[in-house]
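Notes for the one structure printed next.
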Amino acid sequence: MQDKPLKGVKVADFTRLFAGPFCTMLLADLGADVVKIEAPEGDPIRHQGPPFYDEKSMGFLAVNRNKRSVVLNAKDPEQLAVTRRLAEQADIIVENFRPGVMDRMGLGYAELSAKNPRLVYASMSGMGATGPLRDKGAFDLTIQAEAGFMSLTGEPDGTPIKLGTSVFDLVCGQYALSAILTALYQREQTGKGSHIETSLFEGLVSYLVDAGLEWLLMGNLRPKWGSEHASNVPYKAFKAADGWIVIGAAVQRLYESFVTVLGRADLLEDPRFTTMRDRVSNRVELYAILDAEVAKWPVEELAEKLDTANVPCAPVNTMEGVFKHPQTLARDMLVKARKPDGTDMPMIGSAIKFDNFDISADWKAPPALGAHTDEVLADWLNGGTRRAAQ
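When we follow the working numbering, the leftmost residue of the sequence shown carries the number 491, and every step to the right adds one.
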């Protein structure tokens, strides 16, 4: 097997919380040497709990594997100077402070790229580096509201709700990752790095997709549909006899197979439901019938029948169901990371696979605060700065 493709690439990680650390973790998964530079109190997400595992929060553990942690106090001039020296050694810098903070510390792109023209520098923020709200702080929750997603999410006439995890933090991190890898490729062509900038706000606006275009092109404000679809029927979560099952039978042949499995082939002759347009126009009446029919079936039995008929469906699994799922195991989405004491801890696997290297090989558990300070200073600065960092 080959080495991981980013082996030898140095990443100075100035990110905290979720979006930035998710981006740098993905770089670390690909083999980069990611050095997480933390203040003496550590990344704030370390302390968000309970629950905690090995004195680390679930949020911290989720986005900080395969990194080394260095503690440097930017409020101390001597340690700030060490921080700058580390930054000058980096191939990639990733930061998610509010716009201007890194510049004030002498760690901005203009200053560092003057010394290292090959530097790839990624800035992530809540609202973006320009515009009237550039200085406004943001979390995934507030972004889901501000950028319109919560107007689409939830049951009809229900209260606004957010998604179950901090999805748009992760979207921002993935956009940053793709831009960083693009900039690295461009650097190979030109010999020069670049400054990348993205934000939670822009990432979410880009994810409005068809709902956004419906407003731009038609002037329509899409209502909340719960698990239903605006223009596909039947397509939603149904309550079965012993749990919940989602069924997507929007295509004509799938609808025909679905109602046949339910023993309601008579619905195929009902003019209210003949075409998709008919079913969308008469969704209330159709769902009243289908809800009652699905409620008669156990989830497992109905899912087996629908699978045989090639009708897309799935039980609504809990975390227990997901991590016992045969596809989760077959696709290496449950893996292990080695802890400093030599034991292993379970980790969610990588969503991407390569045929010439194992992306989850030799994964390491998220680091204790400052666990690698001396080691990194020796590696990156050839020693001699140990006293200044203490």
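All residues carry an ideal CB built from backbone N, CA and C; glycine is no exception.
None of the values given here were measured: they were computed from a predicted structure.
Check whether residue i and residue j have beta carbons under 8 Å apart
i      : j      : result
Val501 : Ala529 : no
Val825 : Arg769 : no
Pro805 : Gly709 : no
Asn556 : Met515 : yes
Ala851 : Lys829 : no
Lys786 : Ala731 : yes
Glu585 : Thr505 : yes
Asp581 : Val661 : no
Pro495 : Leu517 : no
Phe658 : Leu698 : no
Pro567 : Arg624 : no
Whole-angstrom distance between residue j and residue i, CA atom to CA atom
i      : j      : result
Tyr675 : Gly663 : 19 Å
Leu631 : Ser656 : 8 Å
Asn636 : Tyr599 : Rather than Asn, the amino acid found at residue 636 in this sequence is Glu. Distance between the alpha carbons of Glu636 and Tyr599: 29 Å.
Val784 : Asp544 : 45 Å
Ile651 : Arg712 : 16 Å
Ala861 : Met617 : 33 Å
Glu704 : Thr863 : 52 Å
Asp834 : Trp853 : 10 Å
Arg594 : Val789 : 58 Å
Ser641 : Lys726 : 18 Å
Asp647 : Asn563 : 50 Å
Arg536 : Ala673 : 30 Å
Arg823 : Arg762 : According to the sequence shown, residue 823 is Met rather than Arg. The alpha-carbon atoms of Met823 and Arg762 are separated by roughly 44 Å.
Arg876 : Leu867 : Note that Arg876 scores a pLDDT of 39, beneath 50, so its modelled location is shaky and nothing firm can be said.
Thr808 : Pro816 : 14 Å
Cβ-Cβ separation, residue j to residue i (assumed contact under 8 Å), whole Å
i      : j      : result
Leu859 : Val561 : 6 Å
Lys526 : Ser547 : About 15 Å separates the two Cβ atoms, so there is no contact after all.
Leu576 : Leu871 : 7 Å
Leu471 : Ile735 : Not covered by the structure: residue 471. The range shown for the chain is 491 to 880.
Leu744 : Val801 : 5 Å
Cross-strand partners of residue i (DSSP beta bridge)
i      : result
Phe542 : Ser547
Arg802 : Correcting the residue type first, residue 802 is Pro in the shown sequence and not Arg. Answer by DSSP bridge pairing: none, since Pro802 is not bridged.
Tyr611 : Ile583 and His685
Val561 : Glu528
Pro836 : Lys826
(message) Does the contact criterion of 3 or more C-beta pairs under 8 Å hold for the region 653-671 versus the region 594-613?
(response) Yes, the region 653-671 is in contact with the region 594-613.
(message) Would you call the region 504-518 in contact with the region 546-562, where contact means no fewer than 3 C-beta pairs closer than 8 Å?
(response) yes
(request) Spell out a yes or no on whether the region 673-691 and the region 732-743 are touching, meaning 3 or more CB-CB pairs, one atom from each, closer than 8 Å. (result) Output reads no: the region 732-743 does not touch the region 673-691.
(request) Determine contact between the region 809-827 and the region 756-768, defined as no fewer than three beta-carbon pairs at a distance below 8 Å. (result) When Cβ pairs closer than 8 Å are counted between the two stretches, the region 809-827 is seen not to touch the region 756-768, the count staying below three.
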